[in-house]
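K.L.:
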Amino acid sequence: MNIVLVAGAITGSKTATVLTALQKELQIQAPAAKVTLLDLRQLQLVFSDGRDFREYEGDTRYVAETIMQADALVFGSPVYQAGISGALKNVLDLLPARALADKVATAVITAGSPRHFLVADYQLKPILNFMKAVLLPSTLYVEEKDLAGDQIVTDEITSRIKRLAQDLLLTTKTYQAQLAALEADLF
Amino acid sequence: MTMTDYRIHPENGLEIGIYTLGDRMPDPNTGQMPSERERIDHLIEMATTAEAVGLDYFALGESHQEFFVSQAHAVILGAIARATEKIKIGSGVTVVSTSDPVRIFENFATLDLLSNGRAELTGGRASRVGLFKLLGYDLADYEELFEEKFDLLLQLARQDKVTWSGKFRAPLEDATVYPRPLNGTMPIWRGVGGPAQSAIKAGMAGVPMQVAMLAGPVSRFKQTIDVYRESLQRHGFNPADFPVTTGGLFYSAADMPSALRAYYPYLNEGMKKANGYGFNKRLFAMQRDPQEVMLIGDPEQIIEKLLYQYEEFGMQRYIAHIDFGGLPHHEVLKQIEILGTKVLPTVKKYTQTYPGGQVK
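Chains as they are written, first to last, in full-length UniProt numbering: chain R, 1 to 187; chain B, 1 to 360.
Structure representation (C-alpha cells):
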C-alpha cells in the first residue's frame with residue numbers, strides 16, 4: 001500500500017507537525033506500507049498552467065507523480081482567510097480532473113481557533129470528491145491549543161490520529177480488495 | 001470547396017482507414033520492443049497492407065515525446081507515398097503550433113506530388129506540450145500560436161499568392177509558396193480532441209473536421225459534431241460541403257470477452273507511457289456496450305457499432321487506431337486485414353447510395 005500525505009503550507013509548522021505524527025502512526029499500524037510525506041515547505045512548486053502533469057519539472061512533477069501513484073492520501077492544510085491554503089489548491093490544480101479515482105482520501109485541517117471547523121467538510125472534501133476520491137467520513141481538525149512547537153500536547157488529538165490512521169487503512173484495504181475482485185471479474 | 005474538393009465521395013459509402021501515432025512501446029506481455037528502424041518499417045508496412053486490403057486512408061501523427069518515432073512524420077509519409085499507389089495518405093495530426101506553416105505546406109505539397117495527388121493534412125494543437133520547450137516556443141501562446149499558424153496554412157493552400165502578417169512569423173507579401181499540390185490545392189482538416197471550442201473554430205474557418213474519440217458514449221461525441229455543423233451554418237457555410245472524420249480505437253477478436261481480455265494490457269500500458277496513467281479498467285469494460293465509441297468485439301459487433309455511429313454522426317470517414325501500446329506487428333497486420341476484409345465490405349454496402357435509391 002502506498003500512502004501519501006501532503007502538508008499544504010509553505011510556512012509555519014502546525015500542518016507538517018500533525019501530518020508527521022500521522023505518518024508515524026500509519027507506519028506503526030501498517031509496517032509494510034510506503035508512507036510518504038510531501039512537505040510543501042521543502043519543495044519548490046510552480047503554479048499550475050493546465051499542462052499534463054508529467055510535463056512539469058523538478059519538485060512540481062515529483063509532487064504530482066507521487067500523488068498519482070498513491071493508493072491513499074491525506075491532504076493537510078492550514079486555514080487561510082476562512083479556507084484552504086493556495087499552495088494546497090495549486091497542488092490539486094496540477095492534477096487531471098479524475099486524478100483521485102479509486103484512491104482513498106481525507107483531510108486534516110489546522111487552525112488557530114475552532115471557528116473554521118467545517119473547512120474540511122465544506123471546502124476541501126467537495127474538491128476531493130469532484131476529483132473522484134473515495135472519501136473517509138472522518139477528518140481531523142487541530143487547533144493552536146493542541147500543539148506546542150512541533151509536539152502534539154492534547155491526548156484527544158493523539159487518539160484521534162490513531163483512529164484516523166485506522167480508518168484510512170481499513171477503508172483502503174477494503175476498497176482495494178473489493179476493487180481487485182471486481183476487476184478480475186469484468187471480462 | 002465542396003466534398004469533392006476534399007476528395008470525398010459520399011455516394012461510395014463511408015470511407016474507412018487507419019491512423020497511427022507512431023508510438024514505439026514494449027509489448028506488455030513479452031517486453032519486446034522493435035528498434036526505431038524496425039518500427040518505421042512497420043509503419044510503412046501498415047500502409048501497404050491497408051492499401052492491399054482496400055482501405056481508403058492511412059494517417060500518421062506527429063509526436064515528439066519518448067516512446068514515439070513519428071517526430072519527422074512528413075518524411076515517413078514520403079516513404080509511404082512511394083510504397084503505395086492508391087490509398088490516400090495524410091497526417092493525423094501535424095502539430096501546426098510549433099512549425100512554420102510555410103515549411104509545413106512545402107512538405108505536404110511535396111507529399112502530394114510524391115503520391116500523385118493522394119496527400120492530405122490534418123492540423124492540431126498537440127495534446128502533450130513537451131515539444132514547446134524542445135522547439136523553442138512559449139506554452140503561454142498555446143492557443144494563439146495554433147490559430148495564427150493554422151490560418152496562414154489555410155491561406156497558403158487556398159491561394160496562389162498570399163499577403164499576410166502575424167505575431168509569430170515574418171510577414172508575407174504577395175508570396176507564392178512552391179511547390180504547388182498536384183491539382184493546385186489539397187485537403188486541410190482541423191484535428192479536434194475534446195473541447196467543443198475547437199469544433200466551433202473549425203466551423204468558423206470552414207474547414208473539415210477530424211474528431212478523435214477515445215472512450216465514452218456516442219451521444220457525447222455527437223454533440224461535438226453537431227456543434228461543428230451548427231458553427232459552419234452560422235458562419236455562412238453549408239455543412240453538406242464539409243466532411244467529418246471520426247477516429248477511435250479498434251480491436252477485433254473471436255468474441256467480446258476475448259477481445260477485451262487481449263486488448264486491455266496494450267491500452268492500459270500504452271496510456272501509462274503516453275499519458276502517465278493507465279486506462280480505468282471499469283471504463284474499459286463498458287466499451288462492450290454498443291453505444292460506446294470504441295470499436296471492440298467480434299467483427300459483427302464492430303460492424304453494428306460502426307453503422308450505429310454512422311447513423312448518429314453522419315461522418316464521411318472513419319479511421320481506426322489499431323497499433324497503440326506495443327501490439328505486436330503481426331497482430332496489427334491481422335487487425336488491418338479484418339478491418340479491410342470483414343468490416344469494410346458490409347459497412348460500404350450499407351452506407352453507399354445506389355442509383356434509384358435501392359439497396360442491393
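Glycine included, every Cβ here is placed at the ideal spot set by N, Cα and C.
Cβ atoms of Asp151 of chain B and Ala196 of chain B: under 9 Å apart, would you say?
P.N.:
It is not a contact, given that the beta carbons lie outside the stated cut-off.
K.L.:
Which class does Val153 of chain R belong to by DSSP, given the choice of helix, strand or coil?
P.N.:
Coil, per DSSP.
K.L.:
With 16 other CB atoms within 10 Å as the buried threshold, where does Gly247 of chain B fall?
P.N.:
Buried, because 16 or more other Cβ atoms sit within 10 Å of the Cβ of Gly247 of chain B.
K.L.:
Check whether chain R comes within 9 Å of Arg288 of chain B, counting only Cβ atoms and requiring the distance to be less than that.
P.N.:
Yes, contact with chain R.
K.L.:
Kindly indicate the opening and closing residues of the beta strand (DSSP E) around Asp39 of chain R.
P.N.:
Note, Asp39 of chain R: beta strand (DSSP E), Lys34 to Asp39.
K.L.:
Cα separation between Leu307 of chain B and His9 of chain B?
P.N.:
Those two C-alpha atoms are separated by around 18 Å.
K.L.:
Does the CB of Lys305 of chain B have a neighbour CB from chain R at under 9 Å?
P.N.:
False, the Cβ-Cβ gap to chain R never drops below 9 Å.
K.L.:
Give a yes or no on contact between the stretch 85 to 99 of chain B and the stretch 160 to 167 of chain B, applying the rule of three or more CB pairs nearer than 8 Å.
P.N.:
Output reads no: the stretch 160 to 167 of chain B does not touch the stretch 85 to 99 of chain B.
K.L.:
Anything in the stretch 254 to 265 of chain B with a Cβ closer than 8 Å to a Cβ of chain R? List those residues in chain order, please.
P.N.:
Taking 8 Å as the Cβ-Cβ cut-off against chain R, the residues of the stretch 254 to 265 of chain B that qualify are Met256, Pro257, Leu260, Arg261 and Tyr264.
K.L.:
Check this for me: beta carbons of Phe53 of chain R and Leu88 of chain R, under 9 Å apart or not?
P.N.:
Not closer than 9 Å, so no.
K.L.:
What residues match up with Lys88 of chain B in a beta bridge as DSSP calls it?
P.N.:
Answer is B:Tyr57.
K.L.:
Residues of the stretch 124 to 147 of chain B in Cβ contact with chain R at a cutoff of 7 Å, in chain order, please.
P.N.:
Listed by position, the residues of the stretch 124 to 147 of chain B near chain R (Cβ gap below 7 Å) are Arg128, Val129, Gly130 and Leu139.
K.L.:
Please give me, in chain order, every unbroken run of the alpha helix (DSSP H) with length at least 4 that falls completely inside the stretch 233 to 263 of chain B.
P.N.:
Listed in chain order, there is nothing to give.
K.L.:
Please name the residue, chosen from B:Glu11, B:Asp27 and B:Tyr19, that lies closest to Glu269 of chain B on a Cα-to-Cα basis.
P.N.:
Cα-wise, what sits closest to Glu269 of chain B is B:Asp27.
K.L.:
What residue does the alpha helix (DSSP H) around Met46 of chain B start on, and which one ends it?
P.N.:
Element bounds for Met46 of chain B: Glu36 to Ala52.
K.L.:
Chain R partners of Asn29 of chain B, CB-CB under 7 Å?
P.N.:
Correct list: empty, because the minimum Cβ distance to chain R is about 17 Å.
K.L.:
So which residues of chain B does Ala101 of chain R contact, with C-beta pairs closer than 9 Å?
P.N.:
Those within 9 Å of Ala101 of chain R in chain B are Asn280.
K.L.:
Note down, in chain order, every chain R residue with its Cβ under 8 Å from the Cβ of Ala285 of chain B.
P.N.:
Neighbours of Ala285 of chain B on chain R, chain order: Leu186 and Phe187.
K.L.:
Residues of the stretch 38 to 69 of chain R with a CB closer than 7 Å to any CB of chain B: list them in chain order, please.
P.N.:
Going along the stretch 38 to 69 of chain R in chain order, one finds Asp49, Arg51, Asp52, Phe53, Arg54, Glu55 and Met68 with a Cβ nearer than 7 Å to chain B.
K.L.:
Out of R:Val46, R:Ala30 and R:Tyr80, point me to the one whose CA is closest to Ala72 of chain R's CA.
P.N.:
The shortest C-alpha separation from Ala72 of chain R is found at R:Ala30.
K.L.:
Please report how far the alpha carbon of Glu143 of chain R lies from the alpha carbon of Gly58 of chain R, in whole angstroms.
P.N.:
Computed Cα separation, rounded: 33 Å.
K.L.:
Going by DSSP, what residue range makes up the beta strand (DSSP E) through Phe75 of chain R?
P.N.:
Where Phe75 of chain R is concerned, the enclosing beta strand (DSSP E) stretches over Ala72 to Pro78.
K.L.:
Check whether the stretch 11 to 30 of chain B and the stretch 332 to 352 of chain B are in contact - that is, three or more C-beta pairs closer than 8 Å.
P.N.:
With a cut-off of 8 Å, the stretch 332 to 352 of chain B and the stretch 11 to 30 of chain B count as touching, because enough Cβ pairs lie within range.
K.L.:
Measure the alpha-carbon distance for Asp39 of chain R versus Ala64 of chain R and round it to whole angstroms.
P.N.:
Those two C-alpha atoms are separated by around 13 Å.
K.L.:
Just to confirm the assignment, what range does the alpha helix (DSSP H) spanning Leu344 of chain B have?
P.N.:
Leu344 to Thr351 is the span of the alpha helix (DSSP H), which, as asked, contains Leu344 of chain B.
K.L.:
Less than 9 Å between CB atoms is the rule here; does Leu92 of chain R satisfy it with respect to chain B?
P.N.:
Answer no: the Cβ-Cβ gap between Leu92 of chain R and chain B never drops below 9 Å.
K.L.:
Listed in chain order, which residues of the stretch 171 to 184 of chain R have Cβ atoms closer than 8 Å to some Cβ of chain B?
P.N.:
Listed by position along the chain: Leu182 and Glu183.
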